[in-house]
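Please read the structure below before turning to the comments.
Chains as they are written, first to last, in my numbering: chain A, -19 to 110; chain B, 46 to 188.
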């Protein structure tokens, strides 16, 4: 797909298909951890989708550094195919000017979806001790 | 030994049952900390939590746990009471064989929802009338 314009802003990157075996990185604030594990509330939408970064264009450290306060965030990884296997979820590569890796996980984050997502993540960059 | 439909039989409850009830009360008490979370507590714009939403979640848990105990002599496995999306409260159980998530929304007009499944592949899901008798859902955790 050709480079696009969104809200009057030129986005220099094309939208690509994300293979099932690709990893999606996601920042998680320390408030969403209990006893070292994620709580279901970590999986929520922000602005129409759940924001992640595609590993093709972002490293875990890149994702981590985009946080408002990086030291208060961990980074988890989920395999794209595992996310697609959750009923109702669609993965959409949606690059923005400042982040070519930006990818939305679209679909209502129901109780079922959140329980299933809890089973497909792993921690890549843990939280720094408080 | 467990209580069976007679409040006076509470004295017959064993230490395991009392520990479960104590853990439940402790979890409820500690969950009040959710109310201290202010708007944007996660640095991603998530709103804080109201006392009424938290109380609704706690009432659901206490009432159904109590009736499960009184009617069936079953002490409920203590869940985690957690901050959910958009000012909602999550009640989350994970046992050896079952997982159950109940979500109590901030909006009073929106029904509570639940999803649960077992290691054997059975599942339950739907919406809840929090004012109804829902002890069947807590009992499902023990089956």
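Note that beta-carbon positions come from the ideal geometry of N, C-alpha and C, so glycine has one too.
- With a beta-carbon spacing of about 6 Å, residue 110 of chain B and residue 69 of chain B fall inside the 8 Å limit used to define contacts.
- Looking at the backbone, the Cα of residue 17 of chain A and that of residue 97 of chain B are separated by about 27 Å.
- Taking C-beta separations shorter than 6 Å and ignoring five residues to either side along the sequence, the partners of residue 158 of chain B in its chain run 148, 172, following chain order.
- Looking at the DSSP output, residue 172 of chain B shares a beta bridge with B/158.
- In the structure shown, residue 114 of chain B falls within a helical segment according to DSSP collapsed to helix, strand and coil.
- A straight-line Cα-Cα distance of about 10 Å links residue 62 of chain B and residue 122 of chain B.
- In the DSSP assignment, residue 62 of chain A falls within the unbroken alpha helix (DSSP H) covering 60 to 64.
- Look at the segment -15 to 25 of chain A and you find these whole runs of beta strand (DSSP E), each 3 residues long or longer: -11 to -9, 3 to 9.
- Taking the C-beta atoms as reference points, residue 95 of chain A is found no nearer than 7 Å to residue 183 of chain B.
- A Cβ of chain B is located within less than 7 Å of the beta carbon of residue 95 of chain A.
- One thing to note: residue 67 of chain B has its Cβ no nearer than 7 Å to the Cβ of residue 113 of chain B.
- Residue 8 of chain A and residue 102 of chain A have their C-alpha atoms roughly 12 Å apart.
- In the pairwise beta carbon analysis, the segment 149 to 168 of chain B is classified as not touching the segment 71 to 86 of chain B: fewer than three pairs are separated by under 8 Å.
- Residue environment for residue 19 of chain A: buried (at least 16 other C-beta atoms within 10 angstroms of its C-beta).
- Residues of the segment -13 to 20 of chain A with a Cβ closer than 8 Å to any Cβ of chain B, in chain order: 9, 11, 12, 14, 19, 20.
- Residue 24 of chain A belongs to the set of residues whose beta carbon lies under 7 Å from a beta carbon in chain B.
- Distance between residue 60 of chain A and residue 59 of chain B, taken at the CA atoms: about 48 Å.
- With its beta carbon at least 7 Å from every one in chain A, residue 94 of chain B lies outside the interface.
- Straight-line measurement puts the Cα of residue 104 of chain A at about 14 Å from the Cα of residue 52 of chain A.
- By the criterion of a C-beta distance shorter than 6 Å, residue 163 of chain B is surrounded in its chain by 142, 143, once the five residues flanking it on both sides are discounted.
- Counting along the chain, residue 86 of chain B sits inside no beta strand (DSSP E), nor does DSSP assign it H or E at all.
- Of all residues in the segment 32 to 57 of chain A, the ones placed with a Cβ closer than 9 Å to any Cβ belonging to chain B are 47, 48, 49, 52, 53, in chain order.
- Per DSSP, the continuous beta strand (DSSP E) segment holding residue 128 of chain B begins and ends at 125 to 128.
- For residue 42 of chain A, the enclosing alpha helix (DSSP H) covers residues 40 to 45.
- The beta carbon of residue 167 of chain B does not come within 7 Å of any beta carbon belonging to chain A, so the residue lies off that interface.
- DSSP, read as helix, strand or coil, puts residue 84 of chain A in strand.
- A Cβ-Cβ contact shorter than 7 Å links residue 72 of chain B with residue 126 of chain B.
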